[in-house]
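Structure first, then comments.
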Amino acid sequence: MNRIGVFGANGRMGQALLQATYQDNNSEIAAAYVRKTSDFFGINVGPIIGVNDIEQTFCALEQTNCTNVDVLIDFTLPQGMLVHLAYAVANQIPMVIGTTGLTAEEFAKLQQAAKTIPIVFSRNFSVGINLLLNLVQTAAKTLSDEIDIEIFEAHHRHKIDAPSGTALAIGEAIAEAKGWDHNEVARYERHQDHVAKSQNEIGYSVLRAGDIVGEHTAYFASIGERLEITHKASSRMTFAQGAVRAAGWLKNKPAGLYDMQDVLGFK
2 MNRIGVFGAN
12 GRMGQALLQA
22 TYQDNNSEIA
32 AAYVRKTSDF
42 FGINVGPIIG
52 VNDIEQTFCA
62 LEQTNCTNVD
72 VLIDFTLPQG
82 MLVHLAYAVA
92 NQIPMVIGTT
102 GLTAEEFAKL
112 QQAAKTIPIV
122 FSRNFSVGIN
132 LLLNLVQTAA
142 KTLSDEIDIE
152 IFEAHHRHKI
162 DAPSGTALAI
172 GEAIAEAKGW
182 DHNEVARYER
192 HQDHVAKSQN
202 EIGYSVLRAG
212 DIVGEHTAYF
222 ASIGERLEIT
232 HKASSRMTFA
242 QGAVRAAGWL
252 KNKPAGLYDM
262 QDVLGFK
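Take a look at the structure:
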């Protein structure tokens with residue numbers, strides 16, 4: 002049985018991760034971490050996620066014996082994630098990380114930690130999205146160089162980073178297939194452009210509204226035809242189940258930085 006600790010357990014994604022852990026036959030909730038100032042601190046986990054047979058209460062990190070946890074899962078914000086990452090390294094606990102919006106410096110710290118512990122880092126833990134990453138690379142390699150490539154993404158109003166980490170992962174996959182440097186070809190705004198777009202660029206468009214869980218479309222358009230590859234998520238459980246799957250795969254792996262493509266055997 003894989004004993005999982007979930008950070009940010011009071012949030013929407015945190016609760017989905019707890020539910021996914023509970024529902025997985027090979028996993029169990031070992032810890033549900035919140036801040037001591039949280040309204041959830043000290044109360045029973047079960048009623049919050051709609052089950053009755055869980056004894057754990059929401060706890061603060063410093064209160065929980067780390068030997069009770071096999072793998073940690075973190076979908077919190079970058080600042081908090083780095084604190085949790087340091088804890089994982091100090092206690093030699095594998096970690097699954099879905100935090101997005103990392104700066105280059107923050108990602109470098111994650112890479113350094115992966116020299117000590119095994120980490121699965123992915124901007125999106127959906128099986129469908131990871132299949133989409135393979136499909137867009139096939140399209141980029143197959144279609145002519147005269148193709149226009151654009152990426153559209155939509156999320157709920159509370160989503161902070163834009164474009165989303167998943168949209169960037171799609172663009173990076175396309176750039177890799179085309180032999181481009183993503184940083185050179187990515188275009189995030191055109192509102193003051195007065196020239197026609199180039200075919201040697203990847204444009205990003207963003208929508209933030211309501212409670213949209215996540216939608217991503219890669220457009221490959223030429224004169225006379227257009228290919229659209231789309232993924233729509235209707236529930237956070239899609240990502241949570243993928244993260245729990247990654248946690249099961251990660252247990253007993255050697256130190257290193259892995260991604261969901263490794264977990265699914267796409268590499």
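So the number in this note's numbering is just where the residue sits in the sequence shown, counting from 1, plus 1. Where is the CB? At the ideal position from N, CA and C, for every residue including glycine.
Q. Can you tell me whether Asp71 is buried or exposed, with buried defined as 16 or more other CB within 10 angstroms of its CB?
A. Buried, because 16 or more other Cβ atoms sit within 10 Å of the Cβ of Asp71.
(Q) Can you tell me whether Gln193 is buried or exposed? The criterion is at least 16 other CB atoms within 10 Å of its CB, across all chains shown. (A) exposed
Q. By a C-beta neighbour count over all protein chains shown, 10 Å radius and 16 as the cutoff for buried, is Ala105 buried or exposed?
A. exposed
Q. Hey, Ile150 and Ile175 are a contact pair by Cβ (cut 8 Å); roughly how many whole angstroms apart?
A. Indeed, because the Cβ distance is near 6 Å, the residues count as touching under 8 Å.
Q: Within its chain, find whatever has a CB closer than 7 Å to the CB of Pro255; leave out the 5 residues flanking it on each side and keep chain order.
A: Pro119
**Q.** Proximity of Gly215 and Thr167 at Cβ, strictly below 8 Å
**A.** Closer than 8 Å, so yes.
Q | Spatial distance of Asn131 from Gly225 (CA atoms) | A | 29 Å
Q) Does the count of Cβ pairs from the region 245 to 265 and the region 121 to 130 closer than 8 Å reach three? A) yes
Q.
Using 8 Å as the threshold, is the C-beta distance between Thr100 and Asp75 below it?
A. yes
Q: Classify Thr139 as helix, strand or coil using the three-state DSSP reduction.
A: helix
Q.
Rounded to whole angstroms, what is the Cα-Cα separation between Met82 and Ile98?
A. 8 Å
Q) At what residue ranges does the region 65 to 150 contain a whole run of the alpha helix (DSSP H), taking only runs of 4 or more? A) If you keep only unbroken alpha helix (DSSP H) runs of at least 4 residues inside the region 65 to 150, you get 79 to 92, 105 to 114 and 128 to 143.
Q) Between Trp181 and Arg209, what straight-line distance do the alpha-carbon atoms span, to the nearest angstrom? A) 28 Å
**Q.** Where Asn11 falls, given that 16 or more other Cβ within 10 Å makes a residue buried
**A.** buried
Q. Taking C-beta to C-beta, are Ala187 and Ile203 nearer than 8 Å?
A. yes
Q: Could you check which residue in Thr117, Ala219, Phe126 and Phe108 has the C-alpha nearest to that of Ala89?
A: Thr117
**Q.** C-beta contact flag for Glu69 and Ala32 at 8 Å
**A.** Here residue 69 is Asn; the residue named in the question, Glu, does not match the sequence. Their beta carbons are under 8 Å apart, which means Asn69 touches Ala32 by this criterion.
(Q) Just to confirm, is the Cβ distance from Gly6 to Leu73 under 8 Å? (A) yes
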